[in-house]
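Asker: For the sequence shown, UniProt numbering begins at 1 and goes up steadily by one. No residue lacks a Cβ here, since even glycine has one placed at the ideal position from N, Cα and C.
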Amino acid sequence: MESVAERLDLTDVLDEYPDSLPHADLRRLEIARALATDPELLLLDEPFAGLNKQEMRNLSEAITAVRDDGITIVIIDHNMRGLMALVDEVLVLHNGRKLVQGDPDAVTSDERVQQAYLAGWDEDDEEVPAE
Numbered sequence: 001m002e003s004v005a006e007r008l009d010l011t012d013v014l015d016e017y018p019d020s021l022p023h024a025d026l027r028r029l030e031i032a033r034a035l036a037t038d039p040e041l042l043l044l045d046e047p048f049a050g051l052n053k054q055e056m057r058n059l060s061e062a063i064t065a066v067r068d069d070g071i072t073i074v075i076i077d078h079n080m081r082g083l084m085a086l087v088d089e090v091l092v093l094h095n096g097r098k099l100v101q102g103d104p105d106a107v108t109s110d111e112r113v114q115q116a117y118l119a120g121w122d123e124d125d126e127e128v129p130a131e
């Protein structure tokens, strides 16, 4: 468990009760719990919800480390800024139907995606890099 905690930067809170942790630490703890089962596939639902930009960067780095360890990750999230630098492929659903699928650049430049999800999003806005 310590290696999972280290990977997700949770070693300093291992002795804390979950209900005393800040929201960003809880998000990482949820992922750590899933990783403790040694999954081949990790499903993340809205991992960036409620996080500020710095917390999103930190979580992106943790998710990238998990991916780099060979675990396939499927992320469901409405925060496209948080996802675009993190993913290899994007599937956009609109009203329950597949709208477009492809690499991040192709998806963000698709007019249907721009109308449905990116209205007002400037690609020069600060993105959340997965470094």
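1) Quick check: what's the CA-CA separation for Val107 versus Gln114?
2) For Ile76, does the count of other Cβ atoms within 10 angstroms reach 16, so buried, or fall short, so exposed?
3) Run the CB neighbour count on Arg97, radius 10 Å, all protein chains shown included, and call it buried at 16 or more, exposed below.
4) Would you grab the beta carbon distance between Ala62 and Arg28 for me? Rounded to a whole angstrom, and I think it's under 8 angstroms.
5) Between which two residues does the alpha helix (DSSP H) carrying Thr108 extend?
6) By how many angstroms is the C-alpha of Thr72 removed from the C-alpha of Ser3?
7) On a CA-only basis, which of Ser20, Ile31, Asp69 and Leu59 is nearest Ala85? Give me that one, please.
8) So if DSSP puts Gln101 in a beta bridge, which residue, or which two residues, is it bridged to?
9) Any idea what DSSP makes of Trp121, helix, strand or coil?
10) Got a sec, what are the start and stop residues for the alpha helix (DSSP H) Ile31 sits in?
11) Going by DSSP, which residues form a beta bridge with Leu41?
12) State the start and end residues of the unbroken alpha helix (DSSP H) segment that holds Ser3.
13) By DSSP, does Glu16 sit in helix, in strand, or in coil?
Answerer: On the basis of the supplied data:
1) What you label residue 107 is simply residue 107 of the sequence shown in a count that begins at 1. What you label residue 114 is simply residue 114 of the sequence shown in a count that begins at 1. Roughly 9 angstroms between the two C-alpha positions.
2) Here residue 76 refers to the residue found at position 76 of the sequence shown. By the neighbour-count rule (16 or more Cβ atoms within 10 Å), Ile76 is not buried but exposed.
3) Stepping through the sequence shown from its first residue, residue 97 is reached at position 97. Counting C-beta atoms within 10 angstroms of its own C-beta, Arg97 has fewer than 16 neighbours from the protein chains shown and is therefore classed as exposed.
4) In the sequence shown, residue 62 corresponds to position 62, counting from 1. In the sequence shown, residue 28 corresponds to position 28, counting from 1. At roughly 6 angstroms, the Cβ-Cβ gap stays under 8 angstroms, so Ala62 and Arg28 are in contact.
5) In the sequence shown, residue 108 corresponds to position 108, counting from 1. From DSSP, the alpha helix (DSSP H) with Thr108 extends over Pro104 to Ser109.
6) For the purposes of this step, residue 3 is identified with residue 3 of the sequence shown, where counting begins at 1. For the purposes of this step, residue 72 is identified with residue 72 of the sequence shown, where counting begins at 1. Taking the straight line from one Cα to the other gives about 19 angstroms.
7) For the purposes of this step, residue 85 is taken as the residue at position 85 of the sequence shown. Of Ser20, Ile31, Asp69 and Leu59, the residue nearest in Cα terms is Leu59.
8) As a working mapping, residue 101 is identified with position 101 in the sequence shown. Beta-bridge pairing links Gln101 to Leu91.
9) Position 121 of the sequence shown holds residue 121. Below a pLDDT of 50, predicted positions are generally treated as unreliable, and Trp121, at 49, falls in that range; no measurement from the model is reported.
10) For the purposes of this step, residue 31 is taken as the residue at position 31 of the sequence shown. From DSSP, the alpha helix (DSSP H) with Ile31 extends over His23 to Leu35.
11) Position 41 of the sequence shown, counting from 1, holds the residue named residue 41. For Leu41, the pairing in a beta bridge is given by DSSP as Thr72.
12) To locate residue 3, count along the sequence shown from 1; it is residue 3. Looking at the DSSP string, the run of the alpha helix (DSSP H) that includes Ser3 is Glu2 to Arg7.
13) Here residue 16 refers to the residue found at position 16 of the sequence shown. Glu16 falls in the coil class under three-state DSSP.
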